[in-house]
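Asker:
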Amino acid sequence: MNIIAVPTIQETISKIFMNENETLSQYEGVEKFYEIETQLIYEIHHLEKERAKQTLRVLIDLIAVRSGKDTIRQVRNYYIVLSSVMARKLYEMRVPPKKAFAFNVACVELVENHMNDSEFLYVADELIEFFTSIISERKQPSFGHQTVNKVVMFINDEVERDLSVEDIAKHFNISTSHLSRIFREHAGITLVEYLNVRRVEESQYYLRHSDKGISDISKQFHFCNQSYFTRIFKKYTTVTPKQFRDSQHIPYFRYNLPNAK
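In terms of the numbering used here, the sequence shown opens at residue 1217 and continues consecutively.
1) Would you mind working out which of 1296, 1333, 1308 sits nearest residue 1320, comparing C-alpha positions?
2) What is the DSSP secondary structure of residue 1477, reduced to helix, strand or coil?
3) Can you give me the C-alpha to C-alpha distance between residue 1242 and residue 1276, rounded to a whole angstrom?
4) Return the CA-CA distance between residue 1385 and residue 1311, expressed in angstroms with no decimal places.
5) Can you name, in chain order, every residue of its own chain whose Cβ lies under 8 Å from the Cβ of residue 1344, other than the five neighbours on each side?
6) Assuming contact is defined by CB atoms lying nearer than 7 Å, are residue 1290 and residue 1283 in contact in what I supplied?
7) So, helix, strand or coil for residue 1377, using DSSP?
8) For residue 1252, which residues in the same chain have their Cβ closer than 8 Å to its Cβ, ignoring the five residues on either side in sequence?
9) How do the segment 1439 to 1450 and the segment 1342 to 1357 stand: do at least 3 beta-carbon pairs fall below 8 Å, yes or no?
10) Buried or exposed, going by whether 16 or more other CB atoms sit within 10 Å of the CB of residue 1457?
11) Rounded to a whole number of angstroms, what is the C-alpha to C-alpha distance between residue 1396 and residue 1365?
Next up, the structure:
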């Protein structure tokens, strides 16, 4: 009786590794892949969105050189890998672990379930938008009052909670009147306005990349009703939630705190 030796997993992966190592020598520029990826991560971290989008396209071109007809599948795989890398970076920036994990899951969900083959370059831009948005939340604000800086970070981390001015004041053990005054003085807008701004910013991703109804998204971000959500959304973005959802070409709304140094 002949016994057929089945290669072990280690033997299989070693063979693939050696073959690929030989194959890659035929393709010019591939050796610079991780150098370019390091540049991409730097650009994302420093919120250089347009440069990051161009750099990601260079990486996609390098993947295409090696992958040929299998390019779309390999690009999908790379988007997932890149999302995991960015989730780790967020964790290193002290993003709450649950939020970093949710970030990774959201990116994978987008790539696996909402990316048509013809949209792979559009999805690349969307991922960069999402990455830089989350990174920007972790940039330490530089207002002249440390409590205001901490409040901004707290809201960014807890934006999906049903927060009120009273809740935030209690968390920081100060009076609501004092908190409201110093926030308006240093940030240039009221605390209620900033809560609404952040909720509008975050809701955009659910409008564009989920099947949730607009009323459900309104409830998720604790607007009192859909009508109020629509009014606040349009106030900052100039379009309604439905218009934003229906048009992929409407850019994401981003708010810059006016008094940041």
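In this text, a Cβ means the ideal position worked out from N, Cα and C, and glycines have one as well.
Answerer: On the basis of the supplied data:
1) By one-based count along the sequence shown, residue 1320 stands at place 104. That would be 1296, whose Cα lies nearest to the Cα of residue 1320.
2) Your numbering for residue 1477 matches position 261 in the sequence shown. In this prediction, residue 1477 has a pLDDT of 49, which is less than 50 and means its spatial position is unreliable; what the coordinates show is noted afterwards. Coil.
3) Here residue 1242 corresponds to residue number 26 of the sequence shown, with the count starting at 1. Here residue 1276 corresponds to residue number 60 of the sequence shown, with the count starting at 1. C-alpha separation (whole angstroms): 18 Å.
4) Translated into positions along the sequence shown, residue 1385 becomes position 169. Translated into positions along the sequence shown, residue 1311 becomes position 95. Going by the C-alpha atoms only, they are around 22 Å apart.
5) The residue you call residue 1344 lines up with position 128 of the sequence shown. Only 1260, 1265, 1268, 1269, 1272 meet the Cβ criterion.
6) Counting from one through the sequence shown, the residue named residue 1290 turns up at place 74. Counting from one through the sequence shown, the residue named residue 1283 turns up at place 67. It is a contact, given that the beta carbons lie within the stated cut-off.
7) On the sequence shown, residue 1377 is found 161 positions in, with the first residue counted as 1. Reduced to three states, the DSSP call for residue 1377 is coil.
8) Taking the first residue of the sequence shown as 1, we reach residue 1252 at position 36. The residues are 1271, 1274, 1275, 1278.
9) no
10) Numbered from its first residue, the sequence shown carries residue 1457 at position 241. Result: buried.
11) Walking along the sequence shown from the start, residue 1396 turns up at place 180. Walking along the sequence shown from the start, residue 1365 turns up at place 149. Cα to Cα, the separation comes out at about 13 Å.
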